[in-house]
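S.K.: Have a look at this one before I ask anything.
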Amino acid sequence: MGRKPPLRGLHRERLRPQRFGGNRMERAIVLLSGGVDSAVALWWAKKQGWDIRPLTFDYFGRPKRENEAVRALTSQAETAPIRHVDLPFLKEVDDLRKEGFENRILLDSPEGYIPGRNLIFYGLAGYYAELDAARYLVGGHNGVDPESFPDSSPKFFNFLNSMFHLSLWSYDKAPVQILVPLSGKSKEEVVRMGLEMNVPFDVTWSCYWDRAVHCGTCVSCRERREAFANVGIEDPVAYES
């Protein structure tokens with residue numbers, strides 16, 4: 001049998017953003033981890049008045065508390081339902097050590113590093129953006145992240161925006177752009193920004209471990225505690241130590 005011609009009219013219809021009250025509402029996919037940065041990015045996107053589509057990735061060993069935080073945040077932000085994407089093959093270097101790998105240079109990588117993480121995350125986000133007719137992809141990457149994770153730098157996201165231009169069929173009529181509203185900001189500045197928008201930091205989860213409360217000693221916990229201390233307010237979550 002010959003290949004059926006594409007349903008052009010139907011395809012165009014799917015690319016049209018929803019309309020509310022006769023006005024076009026732009027749509028944004030917000031990538032969420034459940035931590036401080038992604039929570040602030042979510043509230044920033046909400047402040048723009050966009051139709052928010054939350055996206056979260058369940059990779060190997062991800063703390064369940066992160067998903068609980070994502071559910072709490074999206075509930076309070078009153079977003080569309082969360083889209084969960086399972087990526088069981090995606091692992092941190094610490095987990096990969098147990099299986100063994102050939103690139104020994106990775107043994108010196110920072111705690112929490114996942115090879116190609118944001119390349120994979122944003123590639124998939126671009127896929128969903130084209131399906132959902134989303135205009136923006138919003139990520140919570142601060143100005144400190146690129147010091148440890150090269151796939152969190154402004155240069156990297158500029159590259160991805162160029163890649164979307166070249167790779168997405170509908171780009172000319174429905175362009176997709178990555179926005180990183182926390183770029184260049186310190187963790188302290190991110191906390192201040194969140195406080196100004198009344199972000200519910202009490203439901204966020206930053207710890208690398210899946211425990212009843214934050215451990216207080218992992219890199220992420222230490223950075224969080226220091227940021228709140230520098231702002232001069234008490235962190236609303238509990239710590240073991």
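For the sequence shown, our numbering begins at 1 and goes up steadily by one.
Yeah, the Cβ is synthetic: ideal placement off N, Cα and C, and Gly gets one too.
1) Enumerate in chain order the residues of its own chain whose CB-to-CB distance from G22 is below 8 Å, with the five nearest sequence positions on each side excluded.
2) Determine the extent of the alpha helix (DSSP H) in which P110 is found, giving its start and end residues.
3) Is it right to say A39 is buried, meaning 16 or more other beta carbons lie within 10 angstroms of its own, or is it exposed?
4) Ignoring anything shorter than 3 residues, give me the beta strand (DSSP E) runs that lie fully in the segment 22-106, in order along the chain.
5) With 16 as the cutoff for other CB atoms within 10 Å, does G116 come out buried or exposed?
6) Return the bridge partner residues of V138 from the DSSP annotation.
7) Pull up the CB-CB distance for G35 and S206, whole angstroms please, since I reckon it's below 8 Å.
8) DSSP three-state call for Y122: helix, strand or coil?
9) Quick check: what's the CA-CA separation for T79 versus R104?
M.R.: The relevant details are as follows:
1) Bear in mind that the predicted position of G22 carries a pLDDT of just 37, short of 50, making it unreliable; the figure below should be weighed with that in mind. Cβ within range, chain order: n/a, list empty.
2) Counting along the chain, P110 falls outside any alpha helix (DSSP H), and DSSP gives it neither H nor E.
3) buried
4) 27-31, 51-59, 83-87
5) exposed
6) V30, L179
7) 5 Å
8) helix
9) 43 Å
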